[in-house]
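Below is one structure, written out as structure tokens; comments come after it.
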Amino acid sequence: MKSVVITGATSGIGMATALELSARGFQIIGTARTTEGAEKLAAAAAERGVELHTILLDVTDPDSCRTAMADITDMTDGGPWALVNNAGIAVPGAFEDVCENDAWAVLETNLLGTARMTRLALPAMRRRGEGRIVQMSSVAGLVAMPLNGWYCAGKHALEALTDALRREIAGSGVHVSLIEPGFIDTPMLTDGLRHLPAHTRYETAYAAMRRLVARRGPLGPEVVARTVAKALTAPVPRRRYGIGHEAALGRLARLAPPAAVDLTMRTVLRLNRS
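According to the UniProt record's numbering, the residues represented by the sequence shown are 1 to 274, in order.
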């Protein structure tokens with residue numbers, strides 16, 4: 001049975017992925033920052049009728065990462081076959097509305113935490129001559145969207161770092177894939193929209209963002225889980241898996257003239273006036 005570690009597995013995409021892969025016969029180790037989160041994941045697995053393991057992990061804490069990976073190594077006879085770096089946070093807001101501490105928290109979790117876990121998982125995969133690493137990116141890693149700049153910055157950096165890693169370990173038997181969803185109906189999305197900054201010059205734009213997401217009708221996390229399964233089961237996985245029409249639009253935006261992209265985004269988000 002192939003073992004898969006999934007970080008941030010207590011809700012949203014992480015939980016959906018843990019349940020989907022467990023049902024497909026993988027040995028799943030889902031990480032949680034708290035005991036309550038671990039219990040929540042275990043309860044969801046029991047309700048679904050699948051088995052998985054939980055382990056406490058805070059990807060922002062290097063000691064926690066090392067301790068967790070040591071325990072995972074014991075559980076998996078030398079190290080996991082695959083790692084799904086899903087743990088992430090979002091602190092949406094315009095550039096002027098996000099403080100430095102919040103910006104650092106986004107980068108620490110979404111970028112450095114992913115790098116820590118990847119670095120710890122790679123040696124065992126190299127020794128075995130096979131393995132999979134799946135990085136949870138976003139359409140935000142393809143195009144910088146207003147009112148979510150720090151999240152985009154972290155995902156852009158993750159895309160670049162993952163491209164470099166993939167080229168560095170080519171021939172090792174370890175495959176690396178990026179998952180690039182658009183809007184997905186998860187607690188991270190709903191909480192982010194609910195806690196947008198108030199009483200700022202961008203209030204009209206924030207209201208427009210809420211309406212845009214509501215009109216789009218975000219996909220459920222299960223579609224992302226099924227895509228992760230594709231990346232883990234394909235004989236030769238793709239480098240990137242886009243999900244949803246936002247991902248398709250993001251790829252087009254990278255090819256379009258920047259002036260046209262700027263004008264479109266400013267118009268949609270009511271940013272044409274200072």
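Even glycine gets a Cβ: it sits at the ideal position worked out from N, Cα and C.
query                                                                                                                      : result
Validate contact between the stretch 84 to 100 and the stretch 1 to 8 using beta carbons, cut 8 Å, 3 pairs                 : yes
Whole-number beta carbon distance between T109 and Q135, since they are thought to touch under 8 Å                         : With a Cβ gap of about 13 Å, Q135 and T109 do not count as contacting.
First through last residue of the beta strand (DSSP E) which encompasses S3                                                : S3 to I6
Three or more C-beta pairs below 8 Å linking the stretch 42 to 53 and the stretch 95 to 105                                : no
Among H245, R132, Y241 and A260, nearest to L165 - alpha-carbon criterion                                                  : R132
When L255, P237 and Y202 are compared against R270, the one with the closest alpha-carbon                                  : Y202
Within the stretch 168 to 243, ranges of the beta strand (DSSP E) (whole runs, at least 3 residues)                        : 174 to 181 and 240 to 243
Sequence-distant residues of the same chain with beta carbon closer than 6 Å to P218, five excluded per side               : F183, I184 and D185
C-alpha gap between A234 and P197, whole angstroms                                                                         : 42 Å
Option nearest R24 by Cα separation, candidates A38, L52, H245 and A105                                                    : L52
Option in T54, R33, R126 and L122 with minimal Cα separation from L19                                                      : T54
Chain-order list of residues whose beta-carbon lies under 7 Å from that of S138 (same chain, five-residue window excluded) : K155, E180 and P181
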